[in-house]
Amino acid sequence: MVENRPMTTFISHSVLIIGVALIVFPIWIMLVASSHDALRLTEVPLPLLPGDQFWENIKLLFSSKTFGAPIHLSLLNSLVMAMMISLGKISISVISAFAIVYFKFRFRMFFFWMIFVTLMLPVEVRILPTYEVVASLGMLDSYLGLSVPLIASATATFMFRQTFLTIPDELMEASRIDGASPMRFFFDVVIPMSRTNIAALFVILFIYGWNQYLWPLLITTDPDMYTVVMSIKQMLESGESEPMWHMIMLTALFAMLPPVLVVIFMQKIFVKGLTDSEK
Amino acid sequence: MQKRVHYNSSYLPYLLVAPQIIITLVFFIWPAMQALYQSFLLEDAFGLSSEFVWFDNFVELYDNPRYLDSFVRTAFFSFAVAGLSMGVALFFAALADRVVKGAQGYRTLLIIPYAVAPVLAGTLWLFLFNPTLGIMTYFLDMVGINWNHKLDSSQAMGLVILAAAWKQISYNFLFFVAAMHSIPKSLIEAAAIDGAGPAHRFRTIIFPLISPTTFFLLVVNIIYAFFDTFGIIHAVTAGGPGNSTEILVYKVFNDGFVGLDLGGSAAQSVILMFIVIGLTVVQFKYIERKVEY
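Order-wise, the sequence lines are chains A and B.
Following this note's numbering, the numbering of the first sequence begins with 1 at its first residue and continues without gaps.
Following this note's numbering, the numbering of the second sequence begins with 1001 at its first residue and continues without gaps.
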């Protein structure tokens, strides 16, 4: 605050509150819709305030198999996929960045550029041929097929490279004089010093993995392998009748809850990681 | 680039980069080569025979008004999403920069859309603007606007832009706030002492100083609108009505997986790859320039 202008501050707050309310409005309506019964959601105008059917709807959602795959199964699939993608990306990026920064070896720059190239090949661009590769490896309808093709990461490798370059050289020299092997140095010094970056990256990648849509849509045909995010679209399309909006909105709530909770509770670390790393 | 001192080991570094390199080769480089190769082939719909046709697939795209339409549409969509989302985010960031109390609370609520999957964002907006049931449709009807994005193509485009921009506001907001925080307080205070009000200071000091961030966000937003909005389009309009919301990424999917035009779809993939390469080069040029000062 540079100067004291109570009026401007008041207006700023009012505009912010209205603005934030508008941004959150779609989510509010989702919560409201998931707490009413099917009948109420066919009457115009739709409610703006929550009803009393929330627990009933939850019971219905978890007991029913009529809405595509059973939801606890698709939630589990999403969790496994998100964890495999985020942890997989972090592990392979942290070791390749360690190799590129701390070792001198042939083709080092060649490998570096090869990793860099992946930045330019988002999955949306190479869907058909990647699908063919996964199919020929027999990885359709499996957790491996859901996660491994998305695991290579230039951004994560760059970020770790950046972090490692800020670790003082003296630490490595000292550990070498003490007779520690490269891997010992990696686990005892490099990893602990990159803890914050790993945590921030985990938040970003968990959300990225959980929210995957096109990829699971293509490679899963077995309802038992569906992820919760993609099951929404199936519910929107199911049948000729009007979609069951209270169940769709409740499923949407469960589908967005894990990433939203992660981002809210790890907010500080996430914001710092995002604005520091992606520049 | 590298440490002054480093380890010498014959096999360890290769072992360490191996997982990343193998996945890159199998799932990135090889499919990209395949796409490149397929874009020169003309395959029949059953994949029984194929013929090497050089640049015919590209020429066909160039001659196809539907593809050129999709190109123009994608450009319009991307700039609209970037403009709307960055405009709103900048406005919020400027206000949040002013207030001291409650800034944390506003931020917490504003970052929620970041965590929402594109297809879920699409579903939420679809529900709000449902032609028969939607609450917004009801409000619009009261002021005399008849909303039906299933029939009206400009309304359909408006809705996907709205949903896509909504999701990206969080990201832009966080970057604008970080950029404003890094402006030295003394500059702002000096201007205030000279009698410049908040609006004037924003226009003459804050906005010019955050312009590198604005440019960076513009590139990121365009990449987002190009590639990450598939789920939104798929949930809200599925490219329709007609082809009025069929952006390039959606068309690759539609022609390849639904229409089974493999060569044409591959040629489109190749063109998209060149667009990503172009955008990435621009992004990195900017980063290098930024490192200098």
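Where is the CB? At the ideal position from N, CA and C, for every residue including glycine.
Chain B contacts made by the region 33-46 of chain A, where a contact means CB separation under 8 Å = 33, 41, 42, 44, 45 and 46
Three-state secondary structure (DSSP) of residue 1060(B) | Numbered from 1 along the second sequence, position 60 holds the residue referred to as residue 1060(B). Reduced to three states, the DSSP call for residue 1060(B) is helix.
Nearest-angstrom beta carbon gap, residue 1230(B) and residue 214(A) [assumed within contact, 8 Å] = Sequence index remark: in the first sequence, residue 214(A) carries index 214 (1-based). Sequence index remark: in the second sequence, residue 1230(B) carries index 230 (1-based). About 5 Å; that satisfies the 8 Å criterion.
Can you tell me where the alpha helix (DSSP H) with residue 1189(B) in it begins and where it stops?
-> Counted from its first residue, the second sequence places residue 1189(B) at position 189. It spans 1185-1193 - the alpha helix (DSSP H) in which residue 1189(B) sits, taken as one unbroken run.
Pairwise C-alpha distance: residue 169(A) and residue 100(A) | Here residue 100(A) refers to the residue found at position 100 of the first sequence. Here residue 169(A) refers to the residue found at position 169 of the first sequence. The straight-line gap from Cα to Cα measures roughly 15 Å.
So does the region 1075-1093 of chain B actually touch the region 1198-1205 of chain B, counting three or more Cβ pairs closer than 8 Å?
-> no
Neighbourhood of residue 1083(B) by C-beta, 7 Å cutoff - its chain only, sequence neighbours within 5 removed | The residue given as residue 1083(B) occupies position 83 in the second sequence. Closer than 7 Å at Cβ, skipping near neighbours: no residue.
Given a cut-off of 8 Å, decide if residue 1072(B) and residue 1161(B) are closer than it, judged by their beta-carbon atoms.
-> As a working mapping, residue 1161(B) is identified with position 161 in the second sequence. As a working mapping, residue 1072(B) is identified with position 72 in the second sequence. No, they are not a contact pair.
Beta-carbon spacing of residue 119(A), residue 1024(B) below 8 Å = Taking the first sequence and counting its residues from 1, the one referred to as residue 119(A) is at position 119. Taking the second sequence and counting its residues from 1, the one referred to as residue 1024(B) is at position 24. Cβ distance not < 8 Å, so residue 119(A) and residue 1024(B) don't count as in contact.
Within the same chain, show all residues whose beta-carbon is closer than 7 Å to that of residue 255(A), passing over the 5 residues directly before and after it, in chain order.
-> Here the question's residue 255(A) lines up with position 255 in the first sequence. These residues qualify, in order along the chain: 228, 229 and 232.
Could you tell me the distance, in whole angstroms, from the CA atom of residue 21(A) to the CA atom of residue 35(A)?
-> Position 21 of the first sequence, counted from the start, is the residue given in the question as residue 21(A). Position 35 of the first sequence, counted from the start, is the residue given in the question as residue 35(A). Using only the alpha carbons, I get a separation of about 20 Å.
Quick one: is residue 1033(B) buried, meaning 16 or more other Cβ sit within 10 Å of its Cβ, or exposed?
-> Residue 1033(B) sits at position 33 when you count from the first residue of the second sequence. Exposed, since its Cβ has fewer than 16 Cβ neighbours within 10 Å.
So, is the C-beta of residue 1167(B) closer than 8 Å to a C-beta in chain A?
-> Position 167 of the second sequence holds residue 1167(B). False, the Cβ-Cβ gap to chain A never drops below 8 Å.
Listed in chain order, which residues of the region 1103-1134 of chain B have Cβ atoms closer than 7 Å to some Cβ of chain A?
-> 1106, 1108, 1109, 1110, 1111, 1112, 1113, 1114, 1115, 1116, 1117, 1118, 1119, 1120, 1123, 1124, 1125, 1127, 1128 and 1133
Span separating the alpha-carbon of residue 13(A) from that of residue 1105(B) = Against the first sequence, residue 13(A) aligns to sequence position 13. Against the second sequence, residue 1105(B) aligns to sequence position 105. Cα to Cα, the separation comes out at about 12 Å.
Taking C-beta pairs closer than 8 Å, name the residues in chain B that residue 118(A) reaches, listed in chain order.
-> For the purposes of this step, residue 118(A) is identified with residue 118 of the first sequence, where counting begins at 1. Near residue 118(A) (Cβ distances below 8 Å), the residues of chain B are 1024 and 1028.
If you follow the alpha helix (DSSP H) that residue 1137(B) is part of, which residue opens it and which one closes it?
-> Mapped onto the second sequence, residue 1137(B) falls at position 137. Residues 1135-1142.
Can a CB atom of chain E be found closer than 8 Å to the CB of residue 1143(B)?
-> Note that chain E does not occur in the displayed structure, where the protein chains are A and B.
Short check: CB of residue 1017(B) to CB of residue 96(A), under 8 Å?
-> On the second sequence, position 17 is the one that residue 1017(B) refers to. On the first sequence, position 96 is the one that residue 96(A) refers to. A contact, by the Cβ cut-off of 8 Å.
Indicate the three-state DSSP secondary structure (helix, strand or coil) for residue 56(A) in the structure shown.
-> Here residue 56(A) refers to the residue found at position 56 when the first sequence is read from its first residue. Correct three-state label for residue 56(A): helix.
Hey, does residue 1241(B) have any beta-carbon neighbour from chain A nearer than 8 Å?
-> The sequence position of residue 1241(B) within the second sequence is 241, counting from 1. No, its Cβ sits nowhere closer than 8 Å to a Cβ of chain A.
Paired residues, beta bridge with residue 116(A) - DSSP | Walking along the first sequence from the start, residue 116(A) turns up at place 116. Answer is none; residue 116(A) lacks a bridge partner.
Pick from 1147(B), 1140(B) and 1254(B) that is closest to residue 1131(B), judged by C-alpha positions | Locating residue 1131(B) in the second sequence gives position 131, where the first residue counts as 1. Checked all of 1147(B), 1140(B) and 1254(B); the closest Cα to residue 1131(B) is 1147(B).
Cβ of residue 222(A) less than 8 Å from any chain B Cβ?
-> Counting from 1 along the first sequence, the entry for residue 222(A) is found at position 222. Judged by the 8 Å Cβ criterion, residue 222(A) is not in contact with chain B.
Residues within the region 18-31 of chain A neighbouring chain B, beta-carbon criterion of under 7 Å | 19, 20, 23, 24, 26, 27, 29 and 30
Expressed to the nearest angstrom, what Euclidean distance is found between the alpha-carbon atoms of residue 81(A) and residue 1193(B)?
-> Looking up residue 81(A) in the first sequence gives position 81. Looking up residue 1193(B) in the second sequence gives position 193. Using only the alpha carbons, I get a separation of about 56 Å.
Under 8 Å between C-beta atoms, does residue 104(A) make it to chain B?
-> Counting from one through the first sequence, the residue named residue 104(A) turns up at place 104. Yes, residue 104(A) lies at the interface with chain B (some Cβ there is under 8 Å from its Cβ).
Can you list, in chain order, the residues of the region 121-150 of chain A whose Cβ is nearer than 9 Å to any Cβ on chain B?
-> 121, 122, 123, 124, 125, 126, 127, 128, 129, 130, 131, 132, 133, 134, 137, 148, 149 and 150
Tell me residue 103(A)'s beta-bridge partners as DSSP assigns them.
-> Here residue 103(A) is taken as the residue at index 103 of the first sequence, counted from 1. According to DSSP, residue 103(A) bridges with 1007(B).
Going by beta carbon distance, what residues of the same chain come within less than 8 Å of residue 217(A), once the five residues before and after it are set aside?
-> Sequence index remark: in the first sequence, residue 217(A) carries index 217 (1-based). Cβ neighbours of residue 217(A) beyond the five flanking positions: 230 and 233.
Are the C-beta of residue 9(A) and some C-beta of chain B separated by less than 8 Å?
-> In the first sequence, counting from the first residue as 1, residue 9(A) sits at position 9. Judged by the 8 Å Cβ criterion, residue 9(A) is in contact with chain B.
Is residue 135(A) buried or exposed, if buried means 16 or more other CB atoms sit within 10 Å of its CB?
-> Residue 135(A) sits at position 135 when you count from the first residue of the first sequence. Residue 135(A) is exposed by the Cβ-count criterion.
Are the Cβ atoms of residue 1093(B) and residue 1177(B) separated by less than 8 Å?
-> Walking along the second sequence from the start, residue 1093(B) turns up at place 93. Walking along the second sequence from the start, residue 1177(B) turns up at place 177. Against a cut-off of 8 Å, the Cβ pair of residue 1177(B) and residue 1093(B) comes out as a contact.
Residue range of the unbroken alpha helix (DSSP H) whose run includes residue 249(A) | On the first sequence, residue 249(A) is found 249 positions in, with the first residue counted as 1. From DSSP, the alpha helix (DSSP H) with residue 249(A) extends over 245-265.
Considering only C-alpha positions, which residue in the set 182(A), 111(A), 243(A) and 124(A) is nearest to residue 93(A)?
-> As a position in the first sequence, residue 93(A) is number 93, starting the count at 1. Nearest of 182(A), 111(A), 243(A) and 124(A) to residue 93(A), Cα basis: 111(A).
With distances taken between CB atoms, is the gap from residue 129(A) to residue 1227(B) smaller than 8 Å?
-> To locate residue 129(A), count along the first sequence from 1; it is residue 129. To locate residue 1227(B), count along the second sequence from 1; it is residue 227. No, the pair does not count as a contact, with Cβ atoms beyond the cut-off.
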